[in-house]
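Below is one structure, written out as structure tokens; the observations come after it.
There are 2 protein chains.
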Amino acid sequence: MRFLSLAAISLVLPAAALAQDSVPPTPTSVIAAAPAAEWRTIPPADLLVMELAPDAAGRTRQVVIQLLPPPFSQGWIGNIRTLAQAGWWDGTSVYRVVDNWVAQWGAGEGEDPATSAKPLPPDIMAVPESAYITPVERGPEDGRDYVLTGPDRREPITVSRWIDSYAIGAHVAGWPLALDSEGGGTAWPVHCYGAVGVARDMSPDTGTGAELYAVIGHAPRQLDRNIAVVGRVVEGIEHLATLSRGTGEAGVYATEAEHTPILSIRLGDSLPADAQPRFEYLATDGASFAAYLAVKANRRDSFYLQPAGGVDLCNAPVPVRRVEM
Amino acid sequence: MRFLSLAAISLVLPAAALAQDSVPPTPTSVIAAAPAAEWRTIPPADLLVMELAPDAAGRTRQVVIQLLPPPFSQGWIGNIRTLAQAGWWDGTSVYRVVDNWVAQWGAGEGEDPATSAKPLPPDIMAVPESAYITPVERGPEDGRDYVLTGPDRREPITVSRWIDSYAIGAHVAGWPLALDSEGGGTAWPVHCYGAVGVARDMSPDTGTGAELYAVIGHAPRQLDRNIAVVGRVVEGIEHLATLSRGTGEAGVYATEAEHTPILSIRLGDSLPADAQPRFEYLATDGASFAAYLAVKANRRDSFYLQPAGGVDLCNAPVPVRRVEM
């Protein structure tokens, strides 16, 4: 069995890794050993379920997106909830795919010659550019940083010991986060593989949330703080990443026939109980996640000769798992 | 026109950016303004041309791979030249594709139940693990580091001023490179999007070069120094990145029917003159490449509100362009 196969197996067969107590830990064995108490339920209300038209072979294509929790990007996410509840995306399409960059969907808002803009529902709000960043609260009693996740709720920020090329890497509530390294006391969600963001026109427009994109390549961190991250694909990213690349201007499909129709996008809690997606993420302030990062940064299991000595923020995705009913 | 469109346009229409002298530079405008003297020809002998079977719509699929120059990975690259000259890959297939990881091809060497191993040609050499890294020469007269590219030829290493999460980022002869940050005096090629590497069994096996993979996701830098990087895809990576993901063990296709047949893989200089691929790369020790990195790290053109303040080694691909005959 070749290395690459082993590496991939370690992503899909945690039990296999767990079975070998004597070998050095792998990211998968650490995740598999995490106690139930370190797994957090993702509320179905925070999941967007996108049904694409079946592929050429007739296979269904479902993409599940987790929306960021408060306080991040809530203005855009409010719009996204309104759009999903209105079924606004139903009948729109994935109209633009650029290799190592993004897959983008919606109605095209007139930019795509093959589609025309679609009127937005009422009460879609304009969101200010200031919402790209979030203030950080310093906890005087313990010196830790926090973000306020509700009127009387806060989440601790866990700063990463691993170097980031762009800012201070951190995690909060199951999400990778960047912190201002110049003492600005701000934090912002980051563009990693699978991140979902809000396409926009030129400043001061910040986009409504009607036109969304998912990152399908190397993390384009230069977009951080310049465009709103609203979530991440937790299942089915391959249905976007494998779409043919657009050959028209800016990677927009040259013809309508190339578009991938969107049958529907719904919030998870609006689906029938038996169709509601159930996912959990590994708490990012727990011992298991810290161990996961350490092992990602320094693989010592049998395949690896030379530990990397580091891991970048987007090369250690927060573990998310589907929970079978 | 939306930002994402603008961003993509900037990747395909350098002339447009150049036309606007008054606006801040973009990566594309810097590349477009680079003098001819800073572009280096890639010898056709250093290019592998892979012809995949046409896609479902009958479109041809050509993938062009540039092989690393001396002194990097030359043992494996020697094997790869032997295999290409023998037409060894003709009739083999892309048999494994894992999302955000790799697309892998060859004969499967028996690991894939749907294919059987294929005998290798004679004079395929075993390469030692020591070849994963390359010694660096310090130039006493100028304090710069160099790698020996031939018996009487050396290339200067340009150390990046931008922080890397794994090592010291650098470039040499048009390639991204990592340098030992612990004074070991060694350098090694890195796994960025599009990098091509040699699949292997467990240590001390280092692979022959018959089973290759291309990175189709976020840079898996943990593979650096653990598996041989032999080149990079300079054109056609989308033909690998869009292939359906394997559902069998470790992402190997569950059925033979899912494989993508490889019609042929040839060295560029073995093709008829009019079919030989002509590419150039931007010199990485020149002023234009330094400016390109600086602009990638701090976009100040109209779309960007907040410059990133950094750029990781794999988020600033070395510019490569096709030269029309």
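So the sequence lines, in the order shown, correspond to chains F and Y. Heads up, the first sequence is in the working numbering, so the first residue is 4 and it goes up one at a time. Heads up, the second sequence is in the working numbering, so the first residue is 4 and it goes up one at a time. From the three backbone atoms N, C-alpha and C, an ideal C-beta is built for every residue, glycine too. Bear in mind the structure is a predicted one, so any value in this text is a computation, not a measurement.
1) Give me whichever residues DSSP pairs with R324 (chain F) in a beta bridge.
2) With a cut-off of 8 Å, does the C-beta of A241 (chain F) fall near any C-beta of chain Y?
3) Which first and last residues belong to the beta strand (DSSP E) in which T189 (chain F) is found?
4) Could I get the ranges of all uninterrupted beta strand (DSSP E) runs contained in the segment 176 to 217 of chain Y, with 3 residues as the minimum, in chain order?
5) Would you kindly report the start and end of the unbroken beta strand (DSSP E) that includes Y98 (chain F)?
6) I'd like to confirm the pairing. Which residues does DSSP put opposite Y149 (chain F) in its beta bridges?
7) If you drop the 5 nearest sequence neighbours on each side, which residues of the same chain put their C-beta closer than 7 Å to that of T211 (chain Y)?
8) Could you tell me the distance, in whole angstroms, from the CA atom of W42 (chain F) to the CA atom of A294 (chain F)?
9) Figure out for me which residue from F:S96, F:P159, F:P73 and F:P46 has the closest Cα to the Cα of D288 (chain F).
10) Pick out whichever of Y:T161, Y:D102, Y:A35 and Y:R62 has its Cα sitting closest to the Cα of V218 (chain Y).
11) By the three-class DSSP mapping on this structure, what secondary structure does P116 (chain F) have?
12) Could you give the first and the last residue of the continuous alpha helix (DSSP H) run that contains S291 (chain F)?
13) When you compare the CB positions of Y98 (chain F) and H262 (chain F), do they come within less than 8 Å of one another, or not?
14) What residue range is occupied by the uninterrupted alpha helix (DSSP H) comprising L274 (chain F)?
15) Considering Cα atoms alone, identify which of F:W178, F:Y169, F:V175 and F:A176 is closest to E185 (chain F).
16) What is the rounded straight-line gap between the Cα of P38 (chain F) and the Cα of D58 (chain F)?
17) CA-CA distance, P143 (chain Y) and S206 (chain Y)?
18) Indicate whether at least one CB of chain Y lies closer than 8 Å to the CB of V314 (chain F).
19) Name the residue from Y:R302, Y:D227, Y:A290 and Y:A286 whose alpha carbon lies nearest to the alpha carbon of Q225 (chain F).
20) State the Cα-Cα distance for the pair R338 (chain F) and R164 (chain F), rounded to the nearest angstrom.
21) Using CA atoms only, rank isn't needed, just tell me which of Y:Y149, Y:P179, Y:Q107 and Y:E54 is closest to Y284 (chain Y).
22) Run through chain Y and tell me which residues come within less than 7 Å of W108 (chain F), C-beta to C-beta.
23) Do W91 (chain F) and Y135 (chain F) have their C-beta atoms within less than 8 Å of each other?
24) Please tell me whether S1 (chain Y) has its Cβ less than 8 Å away from any Cβ of chain F.
25) Drop a sphere of 10 angstroms on the beta-carbon of D208 (chain F), count the other beta-carbons inside from all chains shown, and report buried for 16 or more, exposed for fewer.
26) Closest to D315 (chain Y) by CA distance: which of F:G109, F:G234, F:P275 and F:H221 is it?
27) Could you tell me the alpha carbon to alpha carbon distance between V105 (chain Y) and Y216 (chain Y), rounded to whole angstroms?
28) How many angstroms separate the CA atom of Q65 (chain F) from the CA atom of C195 (chain F)?
29) Please name the residue, chosen from F:V201, F:L296, F:A40 and F:T29, that lies closest to H174 (chain F) on a Cα-to-Cα basis.
30) Using a Cβ cut-off of 8 Å (strictly closer), state whether N318 (chain Y) contacts chain F.
31) Check the C-beta distance from A87 (chain Y) over to I268 (chain Y) and give it rounded, since I have them as a contact under 8 Å.
32) Of the residues that make up the segment 63 to 91 of chain F, which ones have a beta carbon closer than 8 Å to any beta carbon in chain Y?
33) Quick one: which chain F residues come within Cβ less than 7 Å of S305 (chain Y)?
34) Using DSSP with H/G/I as helix, E/B as strand and the rest coil, what is P264 (chain F)?
35) Which residue's Cα is closest to the Cα of V323 (chain Y): Y:I45, Y:S76 and Y:G78?
36) With 8 Å set as the bound, which would you pick, yes or no: does the beta-carbon of A117 (chain F) sit closer than that to a beta-carbon of chain Y?
So, from the listed chains and residues:
1) F:E283
2) Reading off the sequence, residue 241 (chain F) comes out as Glu, not Ala. Chain Y contact via Cβ: present.
3) Taken as a continuous stretch (DSSP letters only), the beta strand (DSSP E) holding T189 (chain F) covers T189 to P192.
4) Taking only runs of at least 3 residues, the beta strand (DSSP E) segments lying wholly in the segment 176 to 217 of chain Y are 178 to 182, 189 to 192 and 198 to 201.
5) Taken as a continuous stretch (DSSP letters only), the beta strand (DSSP E) holding Y98 (chain F) covers S96 to V100.
6) Here Y149 (chain F) is bridged, per DSSP, to F:E140 and F:P159.
7) N82, L123 and I127
8) 15 Å
9) F:P159
10) Y:D102
11) Model confidence at P116 (chain F) stands at a pLDDT of 39, short of 50, so the residue's coordinates are unreliable and nothing is read from them.
12) Looking at the DSSP string, the run of the alpha helix (DSSP H) that includes S291 (chain F) is A290 to A300.
13) yes
14) Here L274 (chain F) belongs to no alpha helix (DSSP H), and DSSP marks it neither H nor E.
15) F:Y169
16) 38 Å
17) 37 Å
18) Chain Y, which has a Cβ nearer than 8 Å to the Cβ of V314 (chain F), makes this yes.
19) Taking only the C-alpha atoms, the option nearest Q225 (chain F) is Y:R302.
20) As displayed, chain F neither begins before 4 nor continues past 328, which places residue 338 (chain F) out of reach and without an answer.
21) Y:P179
22) Going along chain Y, no residue has its Cβ under 7 Å from W108 (chain F), so there is no contact; the nearest lies around 11 Å.
23) no
24) Examination of residue 1 (chain Y) is not possible in this model, given that chain Y is present from 4 through 328 alone.
25) Counting the other CB atoms within 10 Å of its CB gives D208 (chain F) a total below 16, which places it among the exposed residues.
26) F:H221
27) 6 Å
28) CA-to-CA, the gap between Q65 (chain F) and C195 (chain F) works out to about 20 Å.
29) The closest CA to that of H174 (chain F), considering only F:V201, F:L296, F:A40 and F:T29, is found on F:L296.
30) Yes - at least one Cβ of chain F is within 8 Å of the one on N318 (chain Y).
31) 5 Å
32) Within the segment 63 to 91 of chain F, no residue qualifies.
33) M205
34) Looking at P264 (chain F) - three-state DSSP - the assignment turns out to be strand.
35) Y:I45
36) In this prediction, A117 (chain F) has a pLDDT of 42, which is less than 50 and means its spatial position is unreliable; nothing more can be read from the coordinates.
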